[in-house]
Each structure stands twice: as C-alpha cells, then as structure tokens.
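Chains as they are written, first to last, in this note's numbering: chain A, -5 to 431; chain B, -10 to 310.
Quick notes on the structure that follows.
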C-alpha cells in the first residue's frame, strides 16, 4: 500500500515539475508604435525617471530639477517623477522593472556595459530611427555612440563618457628625477623604481579586480577580449597579444611594486583611493575620479597624462565607459520619454552636467569646447579622441563580468598560482561557454 | 515538533543506554487520536507547504530549465533542458573544489563551536555567580551581534594596515585575508565566535538539569571523575549534543554572510568560495537562475543526507529521538 502511494506521489510530482514550466513574466510585447508624424503613446501624465545616486548627489539633483522645470513648462499636464537608484543594487531594480511591465518607469540612466543584457530581456526601446532624425545626433562621437548599440540598433543617448588615464605624483617624480613614462614597458620600470626608492609607496596602484585598468594593456598590445564572427562571439583572451598585455598588467601586482597580498583584491576605486591617500606614485584613474583624488592628501601634487601605448608617442586605447539614457520598452509614453531624454541628454544639459558633476560630454563640439577651458580634462579628451574600445556587446558579457573571469585570471597570474597560459586558457573556455548559451 | 530540548533528565530519560525501558511495539493509539493529530498538525503543515514545499518545488523546477533573466522577464522562450544544469555543474572542476572547501570549512566550524561551547558551559557551571554572569554577557553579546557587523569588526581587527592584531603582534603589513588557509581560518574563527554561545547555553541548561543525586550515586559507587563524565553526564547530555550538532552542521554548511563580507565575495581568484556564495555568484550575479537552482538543490540534498546519516549513526549507538 505504502509503496503504491509512494510511486503515485513521485509520478504526480514528476508530472508537475516537467508539465508546467517555471513562472515567467510576459515582457515580450512589440514596441509601442503609432501613425507616422503623430506622437506615440500618452503625452500627459506622470513621467517616471530613474537616475543613479552618485557619491555627492546634490549638484546632480539641482541640475535635474532644472531639467524637470523646463520640461514641465513645455509639456503642460506632465509631471516628471525622479528616483535615484544606488548603483550597487541596480540589477534587482532593473530586472524587477522588466518582470513587471505595469510598474515599469519610462526613462532610465544606465551603464553602457549593462545594455546588451537589458536588451536581451526586452528592456529598452529601439531608438534608431528617431535618433537618426535628431539633428544633434550627428555631433555624437561615433565610438561613444557605438556603446549604445546592440546588433546595429541604438537603444540610448550617450549621456556622458568616462575615460581613464595615468595619474602621477609630481612631487615624487621631481624628487626622484623621473619623467612620466612614454611606453607601457617604461611604466613598469618607473613604478618599480618608485617602490624601490620609497618602500611605503606602491609604484603604481592597480589591482586584480581593476578590469578597466587592465584592458588598455590588452588593447595596446593589439589583443582583445573576444571577436565576433557572423554573430558568434569567441574569446581571444588567450591569444598571444592579449596574453602579453595581461602579463604586463599582472606583473605590476608583484612585491616589487604593488604586493599581491594587498593589491590582488584592489578594484579601480580602491586603487584610486590608495593614490588619493598618498600611498602610491601613480595610478590609473578616470576623469570622474578627480573629486575623490582632490579630497585626498595629494591635492595639488599630481598631474595626469594619457596612458602610454607600446611604442612612444602612442596612447593605449581606453575603455569607453559611460552612461546612457534610454526609454523603457514597457513605457506607455514613448514620444514623451524620447523628448525628455533628448532634453536631458542634449548639448545644453550635458554642458550643465559637466559643470555640476564633471561628467565628460559625448558631443564632439561640447567636449572640445570644455577641454579648451579645463586643463585637467586635456589628457582624457586626448585619450578619448585617440580611439576607445569597448567590451563585447552581448548579454553573455553580464555573466563574464559577474563571474569575474578576467580578474580571476589576472589574480592567478599575479599570485603565481597559475601560468599566464593556463589562466587565460581557463578564462577563454569559460567565456566561450558563456557566449555559447 | 515538541523536542525535549530543555528537559532531558526528567523521569524516564535514558540515563544510560543499558537502563532503557523497551518501548512496547505496535500501534497502541486509537484511530480518533489520528484525526486529532492531523488537525493539530494542520497549521504547521500549511505553513510548511507554503514556505518550504512550494519554494523547493520551484527550485527543482527552475533547475531543469535554461532559466536566465531574459527567460524570467519573458523575452526569451523557456527551454526544458533536463539535467543539463546538473551535468554542467558536476563537470565543473571549480564546483568540486568549492564543495571540498565547504565541507572542510563547515567541519572545522562545527567541531570548533561544539568544543568551545561545551568547554565554556562546563566552566560556567563551576564558577561563582559574578564571573558566570560576565561569561554569559560576553557570549550573548557575540551571539547577538549581527553577522554583517561581526564580520566587519573582525576585518577591522585584522586589517593589514590599521588592525589592532597587527599592531599588537608587530606584524605590520601582514595580510590575514590573502592566503587561502589563513583567510578560511580567520572566517572560521569569526563563525565559531558567533555560534559557540548557542552550544554553550544549550549545554549549560543540560548540565544544570542533571540531578545531583545521579552524579552523587555514581561517585558513591566509586566511579572516577572521568567515568562519571563519560558514562553518566555525557549520555544524559546526548540528545542536546545531537541537536546542537545538527543545528551547527546546517548553519555552518549554509554559511553566506561571513564569507561574502570577509573575503570580498570569495577571495582572491575565488579560492575562498563556499557553496552558498558560489550559488549566489552563479545565480544572481551571473543571472543564471537555472544553474543557481541546481546548486541549491544539491546543497539541500547534501544537508538532508548528512543529517540522516548522522541521526542513524546516533541511533545505532542507542539514542532515540
């Protein structure tokens, strides 16, 4: 009796598990559309906007309040509601919005590396045609606009861009009679000389988890993370040039410069914090790190040059970081949302956001104008205009990034746990697994 | 559900295995008792179905699908892949090394908190009121500290540059959270620190519950201190030890916060991962909910197996729940 009951129960459970699938939301609607020349969706009501919460958010809030006022004056009957999200918890909020389209906001700021993953979830509306029809869009820097594209379609307006360059201590360099390095090889030598002369300082503060500090080394050596062939991505992190670059970077995380016991776990923020706290002769930092460095003890005693390439006179290609403004696919106010991001992401407010937050604009003319008046930005603009690179625009990147495959390889090489070949081969095979699914 | 946690020595409790009165075999209850029992169990049963059975059912189900964020939001079709997630998991060498690390780490934490907890319980039962109160205050303070706060306090204490420990030992610049063993040892110490009070309080209650006459009788019969401890006190405490051990195994095997916080998500190159953090990294950071669920199922099955095997071993040695 018990046995029959058991078999029946198991069969029923099995049928239940296999029969009906796990729960799914239905964020699979086609993009909202309308008649040509007519606005798409509601033109009045509440416009919900998500923006990121920054470390010092007050100037951002003041500028956005201005945008809100201007937008509401032009569009009567519209209320713009703003919410500031912490960057760290963003995945939950965005995934939640994709899963529940009825409570989705209309407009959001988001990081360009997240874009491919979001579009795979039908998260954002395709803006290709409408942006092409926007006269200002022709001034957007092409390599920056590329970071808003997935498979040829544009899903956002680049709001600001961030590039990284080499920060160095002018006082330390003067004392030791050093010159800013002209090549990446020289960078390593300079770093070791600083650490040898001043053991309290890291020659250059970099870290095993500082992916966007490491990638320029790969790119400068002529390598890349992955290549796309007929829609299919394959990892190239174990190719010779990529290995040379990663090795060059991992060799900085050694006892003669930045000991692995401290630096193997450093992120970009921690590397910059070490520099800002006066614990390093150099670091790789972004234009967006200026406030953090100025808040530290090295204020007034540092300068910035572009990160050098393999040959003297070349600049190592920087990672084209930055944030986009996009319209949620589930928004019921497509045209209104588009108008809002054209205002907030337009030249006027990019200029204002630069003044408020130091964000580097994405329009060629606005960027040039700012660089002319702000000496600090010059190396970053030089780097940006020398050509930037980006990570693979595929949802697989979310997995690769989250599993820290490349940082793990760097850490393995830096701590001597694995050879460069073994570490990069393992990373490549894991990456290909992610690309394959 | 009513376990005789704090009442181990009342009346017929097995003082020593050989004295045990055999339970009469076969059903002695009437049918009507069965119905009443069902009604009494109903509220608990409903809660268990809602909060345990249904989530477990979903966990198993999701683990059989290729289920990522696009599938969750409905942008991509669901694909039933059978046991592919499990095949991928068992084929991943990292999974096995994480599993071994988890088992060893949990074992150290369980043994450590049991030994230290019992030792302090014995100490507490032998000292005067004031030191006992201080001991309890210190232990309960550790117990009451939130895991997150405790982890950070320990990290600050062992900080490479500013930590008190390096200051005292004169090992300035030594990183306690770099080497694999040293990191696991540090986290294990923190875990033992915040979980031994449970064992200590349980054991203390058990020791206090032993009637003085029993110990006295043993001593009158000429039993040495050692014999009294192993032949009289330990058997009486056995139900408590079993419960404390199972609790500790389950807690320490499922450990998340301390590892996640103190090793910054799994240590250098992921060498300080434990299963739960590994599952989190796969499921939520990597948005592979299917694979993450498979890891969840494996953890659940493993814990059930460990518990069953442990209970059976105890039963073989004469203890009945």
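Ideal Cβ positions, reconstructed from N, Cα and C, are used throughout, including at glycine.
Reference residue 230 of chain A, options A:37, A:19, A:4 and A:420, closest by Cα: The residue you call residue 230 of chain A lines up with position 236 of the first chain. The option with the nearest alpha carbon to residue 230 of chain A is A:420.
What does the alpha-carbon distance come out to for the pair residue 135 of chain B and residue 78 of chain A? Stepping through the second chain from its first residue, residue 135 of chain B is reached at position 146. Stepping through the first chain from its first residue, residue 78 of chain A is reached at position 84. Going by the C-alpha atoms only, they are around 28 Å apart.
Could you tell me how far apart the beta carbons of residue 281 of chain B and residue 268 of chain B are, in whole angstroms, since I believe they sit closer than 8 Å? Locating residue 281 of chain B in the second chain gives position 292, where the first residue counts as 1. Locating residue 268 of chain B in the second chain gives position 279, where the first residue counts as 1. With a Cβ gap of about 5 Å, residue 281 of chain B and residue 268 of chain B count as contacting.
For residue 284 of chain B and residue 44 of chain B, what's the separation of their Cα atoms in angstroms? Position 295 of the second chain, counted from the first residue, corresponds to residue 284 of chain B. Position 55 of the second chain, counted from the first residue, corresponds to residue 44 of chain B. About 14 Å.
Count the other CB atoms within 10 Å of the CB of residue 347 of chain A; is the residue buried (16 or more) or exposed (fewer)? For the purposes of this step, residue 347 of chain A is taken as the residue at position 353 of the first chain. Under this definition residue 347 of chain A is a buried residue.
At least one CB of chain A closer than 8 Å to the CB of residue 257 of chain B: is that the case? Counting from one through the second chain, the residue named residue 257 of chain B turns up at place 268. Cβ-Cβ to chain A under 8 Å: yes for residue 257 of chain B.
Classify residue 510 of chain A: buried if its beta carbon has 16 or more other beta carbons within 10 angstroms, exposed otherwise. Not covered by the structure: residue 510 of chain A. The range shown for chain A is -5 to 431.
Whole-number beta carbon distance between residue 178 of chain A and residue 309 of chain A, since they are thought to touch under 8 Å: Sequence index remark: in the first chain, residue 309 of chain A carries index 315 (1-based). Sequence index remark: in the first chain, residue 178 of chain A carries index 184 (1-based). No, residue 309 of chain A and residue 178 of chain A are not in contact; Cβ-Cβ is about 11 Å, not under 8 Å.
Go ahead and label residue 189 of chain A buried or exposed: buried means 16 or more other beta carbons lie within 10 angstroms of its beta carbon, across all protein chains shown. Locating residue 189 of chain A in the first chain gives position 195, where the first residue counts as 1. Classification of residue 189 of chain A: buried, given that the 10 Å Cβ count is 16 or more.
So residue 510 of chain A contacts chain B; which residues on that side make the cut at Cβ distance below 8 Å? Past the boundaries of the shown model lies residue 510 of chain A; chain A is included only from -5 to 431, so the question cannot be answered.
Would residue 312 of chain A pass as an interface residue toward chain B - the criterion being a Cβ-Cβ separation below 8 Å? Taking the first residue of the first chain as position 1, residue 312 of chain A is located at position 318. So no, residue 312 of chain A is outside the interface.
CA-CA distance, residue 95 of chain B and residue 275 of chain B? Here residue 95 of chain B is taken as the residue at index 106 of the second chain, counted from 1. Here residue 275 of chain B is taken as the residue at index 286 of the second chain, counted from 1. Straight-line Cα distance between these residues: approximately 25 Å.
Extent of the continuous beta strand (DSSP E) run through residue 44 of chain A: Position 50 of the first chain, counting from 1, holds the residue named residue 44 of chain A. Residue 44 of chain A -> beta strand (DSSP E) spans 39 to 47.
Look at the Cβ atom of residue 278 of chain A, then the Cβ atom of residue 301 of chain A, and state whether they are nearer than 8 Å. Along the first chain, one-based indexing puts residue 278 of chain A at 284. Along the first chain, one-based indexing puts residue 301 of chain A at 307. Contact flag set, yes.
Going along the region 268 to 300 of chain A in order, which residues come within less than 8 Å of chain B, judged by CB to CB distance? none
Taking one C-beta from the region 212 to 220 of chain B and one from the region 236 to 250 of chain B each time, how about it: are there three or more such pairs within less than 8 Å? no
Considering only C-alpha positions, which residue in the set A:280, A:170, A:192 and A:27 is nearest to residue 316 of chain A? What you label residue 316 of chain A is simply residue 322 of the first chain in a count that begins at 1. Cα-wise, what sits closest to residue 316 of chain A is A:280.
Using alpha carbons as the reference points, say which of B:168, B:185, B:127 and B:130 lies closest to residue 105 of chain B. Locating residue 105 of chain B in the second chain gives position 116, counting from the first residue. If we check each option's Cα against that of residue 105 of chain B, B:185 comes out closest.
For residue 317 of chain A, which beta-bridge partners are listed by DSSP? Start at 1 with the first residue of the first chain, and residue 317 of chain A comes out as number 323. Paired residue(s): A:105 and A:154.
Tell me which same chain residues have a C-beta within less than 8 Å of the C-beta of residue 112 of chain B, skipping the five on either side of it? Taking the second chain and counting its residues from 1, one reaches residue 112 of chain B at position 123. Taken in chain order, the residues that qualify are 124.
So, residue 406 of chain A versus residue 412 of chain A, is the Cβ gap smaller than 8 Å? Looking up residue 406 of chain A in the first chain gives position 412. Looking up residue 412 of chain A in the first chain gives position 418. Yes; because the gap between Cβ atoms is below 8 Å, this pair is in contact.
Proximal residues to residue 201 of chain A (C-beta, below 8 Å), its chain only, five neighbours per side dropped: The sequence position of residue 201 of chain A within the first chain is 207, counting from 1. The answer, listed in chain order, is 207, 247, 252, 257, 258, 259, 260, 261, 262, 264 and 265.
Count the other CB atoms within 10 Å of the CB of residue 225 of chain A; is the residue buried (16 or more) or exposed (fewer)? Taking the first residue of the first chain as position 1, residue 225 of chain A is located at position 231. Answer is exposed; the Cβ neighbour count stays below 16.
Cβ-Cβ distance between residue 39 of chain A and residue 322 of chain A below 8 Å: On the first chain, residue 39 of chain A is found 45 positions in, with the first residue counted as 1. On the first chain, residue 322 of chain A is found 328 positions in, with the first residue counted as 1. Their beta carbons are not under 8 Å apart, which means residue 39 of chain A does not touch residue 322 of chain A by this criterion.
Could you name each continuous beta strand (DSSP E) segment of 3 residues or more that falls completely within the region 270 to 307 of chain B, going from the start of the chain to the end? none
In three-state DSSP terms, what is residue 227 of chain A? Taking the first chain and counting its residues from 1, one reaches residue 227 of chain A at position 233. In this structure, residue 227 of chain A counts as strand in the three-state DSSP scheme.
Of all the beta strand (DSSP E) runs that stay within the bounds of the region 202 to 227 of chain B, which reach a length of 3 or more residues? none
Between A:328, A:214, A:169 and A:96, which lies nearest to residue 25 of chain A when the distance is taken from Cα to Cα? If you number the first chain from 1, residue 25 of chain A lands on position 31. Checking every option, the nearest Cα to that of residue 25 of chain A belongs to A:328.
Within 8 Å of any Cβ in chain B, is that where the Cβ of residue 259 of chain A sits? Within the first chain, the letter at position 265 stands for residue 259 of chain A. Chain B, which has a Cβ nearer than 8 Å to the Cβ of residue 259 of chain A, makes this yes.
When you compare each of A:69, A:161 and A:84 to residue 292 of chain A by their alpha carbons, which one comes out closest? Here residue 292 of chain A refers to the residue found at position 298 of the first chain. With distances taken between Cα atoms, residue 292 of chain A lies closest to A:161.
Around the C-beta of residue 29 of chain B, are 16 or more other C-beta atoms found within 10 angstroms, so that it is buried, or is it exposed? For this step, residue 29 of chain B is matched to residue 40 along the second chain. Label assigned to residue 29 of chain B: exposed.
Under 7 Å Cβ-Cβ, which residues of chain A neighbour residue 275 of chain B? On the second chain, position 286 is the one that residue 275 of chain B refers to. Here the neighbours are 393, 396 and 397.
Short of 8 Å Cβ to Cβ, which residues in the region 119 to 151 of chain A face chain B? none
By DSSP's criteria, residue 297 of chain A is part of a beta bridge. Which residues make up the other side? As a first step, residue 297 of chain A must be located in the first chain, where it is residue number 303. According to DSSP, which records beta bridges pairwise, residue 297 of chain A is partnered with A:162.
What first and last residue would you give for the beta strand (DSSP E) that runs through residue 199 of chain A? As a first step, residue 199 of chain A must be located in the first chain, where it is residue number 205. Segment 196 to 199, the beta strand (DSSP E) holding residue 199 of chain A.
Inter-residue Cα distance where the pair is residue 259 of chain B and residue 428 of chain A: Counted from its first residue, the second chain places residue 259 of chain B at position 270. Counted from its first residue, the first chain places residue 428 of chain A at position 434. Computed Cα separation, rounded: 18 Å.
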